[in-house]
Amino acid sequence: MPYKLNIFSKILILLVLLLIPIVLLYSYTNRITNHVVQDQIQSSNLNQLSFFMHQLDADVERLSMSPVILGSDPYMREYINLSDSPDYDVLKEQSRLIQKLSLQSVSSGWVNELTVAIPKGKQVLSSSIFVNGTDVWPWQQEIRRTWTYEVRESDKGVGSFIREISEPIRAQTVDQANVLYQVRFSVQNMMHLMDVYKQDKRSDPFLVNGRTGLILNSSSNREIAGEIQAQLAAKADLPASGQVQFEIDRQQYLISYVKSAQLGWYLVDYVPVEKILSPITMTRNLFYITIGLLLIMSVLASFLLYRNVQIPLGKMIQSVQKVKRGDLSARIEYTAKNEFDFLIQRFNEMAERIQVLVEDVFAEKIRSREATLKQLQSQIHPHFLYNSLFFIINSAEMEDKESVVAMAQNLAEFYRYTTRVEKQAVRLRDELDLVGHYLNIQHLRIHRLKYDITVPEAMLDEPVPRLILQPLVENAILHGIERSVEGDRIAITGEQDENWNRIIVEDNGTGLDEAGLAALHAQLQSPMSDDIGCGTWNVHHRLFYQFGEGSGLTFQPGNQGGLKAVLTWKREAHKSLPAADGGIRL
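Heads up: the sequence shown at position 382 corresponds to 381 in the numbering used here, and the numbers run straight through without jumps.
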């Protein structure tokens with residue numbers, strides 16, 4: 000039967016169809032707006048970074064002019080030309096020049112060092128007290144005419160940039176020049192500027208130069224900066240400025256970079272893409288929330304219809320489905336306070352009547368099954384009775400009084416037990432007594448037969464169905480002992496664990512191969528037939544019916560070459576039954 004939409008579902012579908020075009024239109028416009036705003040934000044980030052780089056280059060360019068200004072100073076020219084003259088006051092002029100170097104150094108907005116090195120007299124004049132007056136200088140070093148990054152031992156790991164100008168200009172090393180003008184500034188100046196830039200924006204700028212040069216701000220994430228440096232260095236022909244996106248730690252980052260015209264380094268800034276799009280995302284989420292609230296209000300508007308029609312119908316449908324699946328106890332526990340109350344009341348009455356009728360039929364089936372079990376019990380083959388009576392006749396003719404008495408006593412005890420069918424549950428010890436009488440009878444007929452019964456005391460009061468063990472012993476004699484010339488022993492052993500009881504009946508007769516065992520187990524699961532016999536089939540199914548899943552009869556190869564029958568049932572000792580002293584061992 001095809002599924003039909005109820006009224007409430009139709010109303011909801013109509014509301015959803017009205018909202019879908021609005022959501023789709025907004026999604027389309029939001030996607031376009033997203034791209035436009037993202038491009039604007041990216042362009043703004045790059046422009047701000049370029050402006051910051053322009054300011055930094057301007058400061059560096061002003062420092063680059065310091066050596067030129069020093070070379071044009073008249074006092075500096077006079078000192079260089081007349082420092083060897085005996086009438087020239089060298090110390091006085093040195094003091095004046097050092098003061099001039101210091102004043103020019105502090106006039107810049109950046110902390111820097113101005114140094115003048117004269118190779119001829121091994122003289123060094125500097126605005127730094129740590130360098131001034133020393134004659135230790137890398138006189139053989141090449142002149143660094145462009146900005147060069149260097150880390151001095153005295154700077155405690157903080158690098159600096161250096162630029163030098165020589166006279167004459169064609170000199171290649173310091174010792175070839177008449178005078179060397181050097182300007183040096185620490186990277187702390189740029190780190191301070193980057194910290195100021197970072198305060199105004201949610202960014203993290205730093206400087207890179209290939210794979211080796213890296214200058215971070217005071218609070219940079221070194222791992223992310225290192226990853227960005229490696230990925231930028233891997234790009235060939237990196238332009239002077241641009242933007243790329245990299246994935247770092249499973250997060251997308253927008254990388255903006257600008258190359259310094261003075262230093263040749265790249266100023267890099269990065270920001271998570273999610274942070275850029277957060278305003279757009281917030282606006283989108285607010286719209287979706289509004290749509291959701293509108294949908295909820297629409298649902299609330301149809302709630303009255305749902306409450307008065309849909310709920311009673313749903314309750315009735317659920318109960319009908321339960322009855323269809325066989326749950327006849329299903330009742331509708333709901334008060335609709337409208338016309339549906341009449342239908343609900345009549346349904347409950349109908350379900351109750353059906354349940355009573357079905358329970359009556361089921362009880363009749365149970366009584367029928369119990370009668371069937373009793374009939375199966377009575378079908379255990381009594382063929383050994385005829386043999387026993389013939390044995391008594393023959394023994395009487397031979398005047399063997401003891402054999403006649405023994406056979407008659409055991410036969411009487413056997414049939415006194417088997418004819419009591421009113422009580423189907425007995426103790427295991429009673430079944431073992433019956434098996435003992437049965438084995439005594441068979442021993443009188445078959446003198447080579449020997450048997451051994453070993454059962455723990457704890458198992459003797461376990462409840463079992465009547466005549467559950469004797470058919471297995473009978474099969475062991477008929478199919479194991481009597482068919483084998485060497486077969487002469489039957490062993491009955493009891494085992495018990497926390498949940499299960501097991502009785503093992505084992506003979507040393509002919510036994511069965513694997514194919515025979517498989518066929519025997521298959522016959523136990525099939526309807527009773529003459530191939531397996533009613534006794535064995537009866538034993539298995541009586542255990543299964545009484546004790547449930549896992550209980551029943553199985554067959555295994557015997558340890559002495561015969562067959563091993565294993566009875567298994569759930570442990571359920573009746574403490575009300577009297578217990579005897581010690582186990583059974585015959």
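Beta carbons: idealized from backbone N, C-alpha and C, even for Gly.
Inset, instruction - Find the nearest neighbour of F50 within the set R162, V504, G560, V257, judged by alpha-carbon distance. - result: V257
Inset, instruction - Could you round the C-beta distance between N111 and V182 to whole angstroms and report it? I think they count as a contact, below 8 Å. - result: 6 Å
Inset, instruction - Keeping to the same chain, check which residues put their C-beta closer than 6 Å to that of Q47; ignore five residues upstream and five downstream. - result: none
Inset, instruction - Answer yes or no: do L100 and S126 have a C-beta to C-beta separation smaller than 8 Å? - result: yes
Inset, instruction - Report the rounded CA-to-CA distance for I254 versus A229, giving the unit in angstroms. - result: 13 Å
Legend entry - Reduced DSSP category for V425 - H, G, I as helix; E, B as strand; rest coil: strand
Inset, instruction - Give a yes or no on whether the C-beta atoms belonging to I142 and Q171 are separated by under 8 Å. - result: yes
Legend entry - Per-residue DSSP class, three states only, for T334: coil
Inset, instruction - Indicate the three-state DSSP secondary structure (helix, strand or coil) for G225 in the structure shown. - result: helix
Inset, instruction - Use the C-beta contact count for S94: other C-beta atoms within 10 angstroms, 16 or more gives buried, fewer gives exposed. - result: exposed
Inset, instruction - Could you give the DSSP three-state label for W138: helix, strand or coil? - result: coil
Inset, instruction - Return the first residue and the last residue of the beta strand (DSSP E) that Q555 is part of. - result: 551-556
Inset, instruction - Could you pull out every residue in the same chain whose Cβ sits closer than 8 Å to the Cβ of K121, ignoring the five residues on either side in sequence? - result: D134, W136, W138
Inset, instruction - Within its chain, find whatever has a CB closer than 7 Å to the CB of Q559; leave out the 5 residues flanking it on each side and keep chain order. - result: N507
Legend entry - Where R482 sits in the DSSP three-state scheme: coil
Inset, instruction - For my contact list, I331 and M349 are in at a C-beta cut-off of 8 Å; report their separation, rounded to the angstrom. - result: Between M349 and I331 the Cβ distance is about 11 Å, and since that is not below 8 Å, they are no contact.
Legend entry - Alpha carbon of L292 to alpha carbon of L23, nearest angstrom: 17 Å
Inset, instruction - Answer with buried or exposed for K400, where buried requires no fewer than 16 other C-beta atoms within 10 angstroms of its C-beta. - result: exposed
Legend entry - Contact under 8 Å by Cβ, Y265 with V178: no
Inset, instruction - Use the C-beta contact count for Y74: other C-beta atoms within 10 angstroms, 16 or more gives buried, fewer gives exposed. - result: exposed
Legend entry - contact_flag[the stretch 303-312, the stretch 279-289] where n(CB pairs < 8 Å) is 3 or more: no
Legend entry - Pairwise C-alpha distance: I161 and Q261: 12 Å
Legend entry - Beta carbon of L586 nearer than 8 Å to that of L566: It is not possible to answer for residue 586, since the shown part of the chain is limited to 0 through 585.
Inset, instruction - Give the secondary structure of W568 by DSSP, where H, G and I count as helix, E and B as strand, and everything else as coil. - result: strand
Legend entry - I467 beta carbon less than 8 Å from that of L542: yes
Legend entry - Exposure label - T114; buried when at least 16 CB within 10 Å: buried
Inset, instruction - Note down the Cα distance separating I223 from I247, rounded to an integer number of angstroms. - result: 7 Å
Inset, instruction - Could you tell me the distance, in whole angstroms, from the CA atom of Q376 to the CA atom of H539? - result: Legend: pLDDT at Q376 = 49, less than 50; position of this residue unreliable, value from coordinates given subsequently. Between Q376 and H539, the C-alpha separation is close to 12 Å.
Legend entry - Option nearest R419 by Cα separation, candidates R465, Y305, I168, V267: R465
Inset, instruction - Give the secondary structure of D451 by DSSP, where H, G and I count as helix, E and B as strand, and everything else as coil. - result: strand
Inset, instruction - Kindly indicate which three-state DSSP category L179 falls into: helix, strand or coil? - result: strand
Legend entry - Q469: first and last residue of the uninterrupted beta strand (DSSP E) it sits in: Here Q469 belongs to no beta strand (DSSP E); instead the alpha helix (DSSP H) covers 469-474.
Inset, instruction - Give the DSSP bridge partners of E246, in chain order. - result: Q251
Legend entry - Backbone secondary structure at V403 - three-state DSSP: helix
Inset, instruction - Compute the distance between the beta-carbons of V173 and Q140, then report whether it is under 8 Å. - result: yes
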